[in-house]
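Have a look at the structure below before the remarks.
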Amino acid sequence: MYVPPRVLTNDDLAQRVETSHAWIVERTGIERRHIADHETSATMAIEAARAALQVADADPRDVDLIIVATATPDYLMPSTACLVQDALGAIRAGAVDLNAGCSGFVYALAMANQAIASGEHRLVLVIGVETLSRVIDWQDRSTCVLFGDGAGAVLLRTAEGRAGILASLLGADGSGADLLIIPAGGSAQPPSRETIEGRLHYLRMNGREVFRFATRVVPRAIEQVAQKAGLKVRDIDLIIAHQANLRILEAVAKRLDLPMERFVVNLQEYGNTSAASVPIALCEAIQNGRIQPGQHLVLVGFGAGLTWAAVALKWSEAPMRLAVPHFHNLLRAILYRWAAWRTRLRQLLRRLAIEGIRRAERRGRSS
Ligand code: COA
Numbered sequence: 053m054y055v056p057p058r059v060l061t062n063d064d065l066a067q068r069v070e071t072s073h074a075w076i077v078e079r080t081g082i083e084r085r086h087i088a089d090h091e092t093s094a095t096m097a098i099e100a101a102r103a104a105l106q107v108a109d110a111d112p113r114d115v116d117l118i119i120v121a122t123a124t125p126d127y128l129m130p131s132t133a134c135l136v137q138d139a140l141g142a143i144r145a146g147a148v149d150l151n152a153g154c155s156g157f158v159y160a161l162a163m164a165n166q167a168i169a170s171g172e173h174r175l176v177l178v179i180g181v182e183t184l185s186r187v188i189d190w191q192d193r194s195t196c197v198l199f200g201d202g203a204g205a206v207l208l209r210t211a212e213g214r215a216g217i218l219a220s221l222l223g224a225d226g227s228g229a230d231l232l233i234i235p236a237g238g239s240a241q242p243p244s245r246e247t248i249e250g251r252l253h254y255l256r257m258n259g260r261e262v263f264r265f266a267t268r269v270v271p272r273a274i275e276q277v278a279q280k281a282g283l284k285v286r287d288i289d290l291i292i293a294h295q296a297n298l299r300i301l302e303a304v305a306k307r308l309d310l311p312m313e314r315f316v317v318n319l320q321e322y323g324n325t326s327a328a329s330v331p332i333a334l335c336e337a338i339q340n341g342r343i344q345p346g347q348h349l350v351l352v353g354f355g356a357g358l359t360w361a362a363v364a365l366k367w368s369e370a371p372m373r374l375a376v377p378h379f380h381n382l383l384r385a386i387l388y389r390w391a392a393w394r395t396r397l398r399q400l401l402r403r404l405a406i407e408g409i410r411r412a413e414r415r416g417r418s419s
């Protein structure tokens, strides 16, 4: 995982808009969030991916597929996944972005699992990343207090045995598309003076409706995915849900009749990091020793679209315990350095090839 070091507290926000630490904590549970400074979605995704490759002790050249879940890509095109692929030197990997709002990472995880189950792919890098601070309207107190930036990544591979992903489900209801939306900047409303003046390139949200949607859909998704996995809800050891609002998590726990101890909660530190929130919470839970081999977990996301997704899995081992040989880390560092040189070399060769073609054309015309 990667989160920017720059921290924005509720008190900092209270100096920008009419709000207070007490209001934000009471309504959301959020105390601070991390905000990108020089970072972009691609640079944070690369950091998180490198951390995942290190924990799994994997060679980036063995990765088959990279899926980056994000609603805040560096560019409309190319995909952020291609920028990640290049920086990692993952020369055999396909790369694609996936936008399912805050459900993006869980969507991507389910789809990566299908890609592996089909036999088509063996090693898939799944990243959730978001730089929401760049699309937040910092004058809108009803949204700017909620979000933060960051990235989390996991590596999925084929394995023997009964551990791993047991079941997944994906859901969508596009009739709620307007509830959480960045109205301008796409093909419906391309950027123009009017869209900028109307602040239409910023995120807009109907908080109340999204709240109602989340508290309705999340408990149902958890029950359904548990059932698909052959589990009872009470058999789930830990639920890693999208970190949007503590009140949403408490409502979900109440509806499922589960204690809050079964939920990972870290939104007080990071706010809502959208597609990055579930993998960041997962990484922290692993680091804190909250996830043990043999445990059943459910990861669940919900968000813009509207979308929701859930994955039930059995944890096989605690990867942090595996000691990665020092020279493997050294090799990866060399590969990343080489990847940067390779990019420059390929760009130079491309320029030279184009220049060669132009010269040949000029010679052809003059003769
Ligand atoms: N500070 C102080 N007051 C605020 C405020 C802020 N940051 N934001 C809104 N308010 C005010 C409103 O203007 C309103 O004032 P009014 O009654 O004078 O009109 C009042 O607080 C209540 O607003 P309301 O929107 O009804 O608050 P709420 O209890 O629904 O909480 C959210 C607002 C956004 C925290 C809540 O709706 C929520 O969390 N929704 C889900 C959002 C979410 O998770 N989105 C991401 C999904 S992926």
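In short: position in the sequence shown from 1, add 52, done, that's the numbering used here. Positions of the beta carbon are idealized from the N, C-alpha and C atoms, including for glycine. Since this is a predicted model, take the numbers as computed values, not measurements.
Residue nearest to residue i in terms of C-alpha spacing, selected from the options
i: L198; options: T92, G213, A110, E83; result: E83
i: I16; options: A203, P130, A281, I188; result: Residue 16 lies beyond the residue range present for the chain, which begins at 53 and ends at 419; the question has no answer from this structure.
i: D230; options: A215, T247, E212, V262; result: V262
i: A121; options: G153, W393, E78; result: G153
i: R85; options: R307, V59, D126; result: V59
i: V285; options: L308, A303, R268, A266; result: L308
i: E313; options: R256, A293, E321; result: A293
i: D289; options: P56, H348, I409; result: H348
i: A133; options: A100, D109, A162; result: A100
i: V363; options: A164, Y388, I233; result: A164
i: T124; options: A139, A142, A104, A88; result: A88
i: R193; options: L383, H380, E70, N318; result: E70
i: G226; options: Q320, M129, G323, G357; result: G357
i: V148; options: Y159, F157, I118; result: I118
i: P130; options: D111, I188, L150, A142; result: L150
i: S220; options: R394, E413, W360; result: W360
i: F157; options: I332, V107, L128; result: I332
Residues sharing a beta bridge with residue i, DSSP
i: R84; result: T61
i: I292; result: L351
i: Y54; result: A203
i: T124; result: Per DSSP, none; premise fails for T124.
i: W75; result: BP columns for W75 are empty, so no partner.
Own chain residues within Cβ distance below 6 angstroms of residue i, not counting five before or after
i: A328; result: G180, V181, E182, G202, A203, G204
i: G236; result: What sits at residue 236 in the sequence shown is Ala, not Gly. Closer than 6 angstroms at Cβ, skipping near neighbours: T247, L252, H253.
i: L334; result: I292
Where the beta strand (DSSP E) through residue i begins and ends
i: W367; result: Per DSSP, W367 belongs to no beta strand (DSSP E) and is neither H nor E.
i: V120; result: 117-121
i: A147; result: 146-150
Element boundaries [alpha helix (DSSP H), containing residue i]
i: H49; result: The structure shown does not extend to residue 49, since the chain is modelled only from 53 through 419, so no value can be given for it.
i: A133; result: 132-140
i: A94; result: 93-107
i: V285; result: Taken as a continuous stretch (DSSP letters only), V285 belongs to no alpha helix (DSSP H), as it is neither H nor E.
i: H378; result: 378-418
i: E321; result: 319-322
i: V69; result: Taken as a continuous stretch (DSSP letters only), V69 belongs to no alpha helix (DSSP H), as it is neither H nor E.
i: S329; result: 329-339
Beta-carbon contacts of residue i that lie in its chain and below 7 angstroms, excluding the five residues immediately before and after
i: R260; result: none
i: L365; result: G216, I217, L218, L349
Other residues of its chain near residue i: CB distance less than 8 angstroms, five sequence neighbours each side excluded
i: A337; result: L290, I292, V316, I343
i: I168; result: R174, V176, L208, R209, T210
Interface flag, residue i vs chain C, CB-CB below 8 angstroms
i: L232; result: The structure shown contains no chain C; it holds only a single protein chain.
Inset, instruction - May I have a chain-ordered list of the beta strand (DSSP E) segments no shorter than 3 residues that lie completely inside the stretch 156-240? - result: 175-183, 201-209, 216-224
Inset, instruction - Mind listing, in chain order, the continuous alpha helix (DSSP H) runs of no fewer than 4 residues lying wholly within the stretch 238-282? - result: 245-249, 259-280
Legend entry - Complete runs of the alpha helix (DSSP H) confined to the stretch 292-316 [at least 4 residues]: 298-308
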